[in-house]
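Written out below as structure tokens is the structure these notes cover.
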Amino acid sequence: MSSSLSEFAQDVLAGLARSGQRELPSKYLYDDLGSALFEAITRLPEYGLTRADERLLRVHSPEIAAAMPPGAIVAELGSGSGRKTVSILDSLRARTGHKPRYYAIDLSTAALNTCARELASCAAVIPIEAAYLDGIARVAAGRDGSQPLLVLFLGSTIGNFDLSRATEFLSALRSHLSPGDALLLGADLVKPIPQMLLAYDDPTGVTAAFNRNILGRINRELGADFDLTAYEHEARYHEPVRRIEMYLRARSRQHVSIPNPGLRITIEAGETIWTESSHKFLLSDLDSIAHDSGFRPVSRWIDSEWPFAENLWSAGE
Ligand SMILES: C[S@@+](CC[C@H](N)C(=O)[O-])C[C@H]1O[C@@H](n2cnc3c(N)ncnc32)[C@H](O)[C@@H]1O
Numbered sequence: 006m007s008s009s010l011s012e013f014a015q016d017v018l019a020g021l022a023r024s025g026q027r028e029l030p031s032k033y034l035y036d037d038l039g040s041a042l043f044e045a046i047t048r049l050p051e052y053g054l055t056r057a058d059e060r061l062l063r064v065h066s067p068e069i070a071a072a073m074p075p076g077a078i079v080a081e082l083g084s085g086s087g088r089k090t091v092s093i094l095d096s097l098r099a100r101t102g103h104k105p106r107y108y109a110i111d112l113s114t115a116a117l118n119t120c121a122r123e124l125a126s127c128a129a130v131i132p133i134e135a136a137y138l139d140g141i142a143r144v145a146a147g148r149d150g151s152q153p154l155l156v157l158f159l160g161s162t163i164g165n166f167d168l169s170r171a172t173e174f175l176s177a178l179r180s181h182l183s184p185g186d187a188l189l190l191g192a193d194l195v196k197p198i199p200q201m202l203l204a205y206d207d208p209t210g211v212t213a214a215f216n217r218n219i220l221g222r223i224n225r226e227l228g229a230d231f232d233l234t235a236y237e238h239e240a241r242y243h244e245p246v247r248r249i250e251m252y253l254r255a256r257s258r259q260h261v262s263i264p265n266p267g268l269r270i271t272i273e274a275g276e277t278i279w280t281e282s283s284h285k286f287l288l289s290d291l292d293s294i295a296h297d298s299g300f301r302p303v304s305r306w307i308d309s310e311w312p313f314a315e316n317l318w319s320a321g322e
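Residue 6 is where the sequence shown starts when you use our numbering, and the numbers rise one by one after that.
As structure tokens, this is what we get:
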């Protein structure tokens, strides 16, 4: 593969040129427009996940802050707009009387700009435009030994990983942490299938727009000629692995040219491109993941309206 291609072009080439199921990594859903559409999704009546996460954080932030040694700094993986994080930052500030240092780690420039603007009044915000583990490595390397670190991974973004990859990812995260550090992990729980499907296929069509935008991004950034109207949004629940999968299904045969990686493909009528997975968890999954990735569960809170678990795990004594 040519090294002059951007990582985006290489991933698009690898995902679309393959035989079998075509795939695009979900991280590419979040350009400026994608991040704005995701914010709209979090406000949809059908997407109860963000409100559940927010309710749990509002109620339990004082306990979470109290569980951290004084002077703790905060790093959030995939912060997005950081809207829900305000209550944690406020609780940390109430304990010490000064604004905590908050590292927002995200690949989306637009999300980081919003986050830095919205959270400036409650924290010293340091935006880091990087992939999760690169970002946390920078935070861990730059702190002095006396600053305990609270890592936030909210919104069930961990569900974008397969279960085994989630354990691998959290083990790698754990290797950057020290005794006294902690992880707060938000995880969406299994619930009735129609309720889960509606959260990823809303009647307003916002999730469909969010999904199709990945093709729009390939057009804008790589000069491709996808006809966005030729693809249908599809959300399926794959029960054996307990995950929602999002696809784009071609309504008719499509010939697509992507000049930047120099790719020409034909997508047959009915063929799909897999764009995102959102794993739904059992409490036992979370216990196994904590154990297998080297964390010790400290507290867990579950929302009473929308089954969602907020998990506080320690990185050890
Ligand atoms: C599902 S959104 C969650 C946003 C927010 N944390 C929330 O709970 O509402 C995922 C966020 O992670 C970012 N993201 C996705 N993949 C990433 C990666 N590999 N490294 C860093 N950020 C990533 C996206 O840009 C997006 O802002």
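Glycine residues also receive a C-beta, built at the ideal position from the N, C-alpha and C atoms.
K285 CB to nearest heavy atom of ligand 1 below 7 Å: no
Bounding residues of the alpha helix (DSSP H) (the contiguous stretch that carries P67): For P67, the enclosing alpha helix (DSSP H) has its first and last residue at G53 to A72.
Counting only the same chain and skipping the five closest in sequence on each side, list residues whose C-beta sits under 6 Å from that of R269. S262
Please report how far the alpha carbon of R106 lies from the alpha carbon of E81, in whole angstroms. C-alpha separation (whole angstroms): 11 Å.
Please state whether DSSP places V195 in a helix, a strand or coil. coil
Closest Cα partner of P30 within the set E276, R301 and L220: L220
With hydrogens ignored, establish whether the beta-carbon of Y108 is closer than 7 Å to any heavy atom of ligand 1. no
For R148, name the three-state secondary structure that DSSP assigns. coil
Touching or not, the region 60-78 and the region 146-153, by the rule of three or more beta carbon pairs under 8 Å? In the pairwise beta carbon analysis, the region 60-78 is classified as touching the region 146-153: at least three pairs are separated by under 8 Å.
May I have the straight-line CA-CA distance separating P2 from K285, to the nearest angstrom? Residue 2 lies beyond the stretch modelled for the chain, which goes from 6 to 322, so this question has no answer here.
Please say whether R222 and D16 have beta carbons closer to each other than 8 Å? No, the Cβ-Cβ distance between D16 and R222 is not below 8 Å.
Can you give the Cα-Cα distance for R179 and L291, rounded to whole angstroms? 15 Å
Sequence-distant residues of its chain with Cβ nearer than 7 Å to V91 (five each side left out): So the qualifying residues of the chain are L124 and C127.
Span separating the alpha-carbon of L203 from that of S282: 15 Å
From the beta carbon of G267, is the nearest beta carbon of chain C less than 8 Å away? Of the protein chains in the structure, only one exists, and it is not chain C.
Using 8 Å as the Cβ pair cut-off and three pairs as the minimum, do the region 49-64 and the region 228-245 touch? With the cut-off at 8 Å, the region 49-64 and the region 228-245 do not touch.
Would you say Y52 touches ligand 1, meaning its beta carbon is less than 7 Å from a heavy atom? no
Give a single yes or no on whether D58 has its beta carbon closer than 7 Å to a heavy atom of ligand 1. Yes, the Cβ of D58 comes within 7 Å of a heavy atom of ligand 1.
Got a sec: does ligand 1 put a non-hydrogen atom nearer than 7 Å to the Cβ of D149? Relative to ligand 1, the beta carbon of D149 is positioned no closer than 7 Å to any heavy atom.
Can you tell me which of the three DSSP states P312 falls into? coil
Run of the alpha helix (DSSP H) containing V246, from where it starts to where it stops: V246 -> no alpha helix (DSSP H), and no H or E assigned at all.
Any heavy atom of ligand 1 closer than 7 Å to the CB of T162? yes
Have a look at P280 and L253 and give me their C-alpha separation to the nearest angstrom. Before going further, note that residue 280 is Thr rather than Pro in the sequence given. Spanning the two alpha carbons is a distance of roughly 7 Å.
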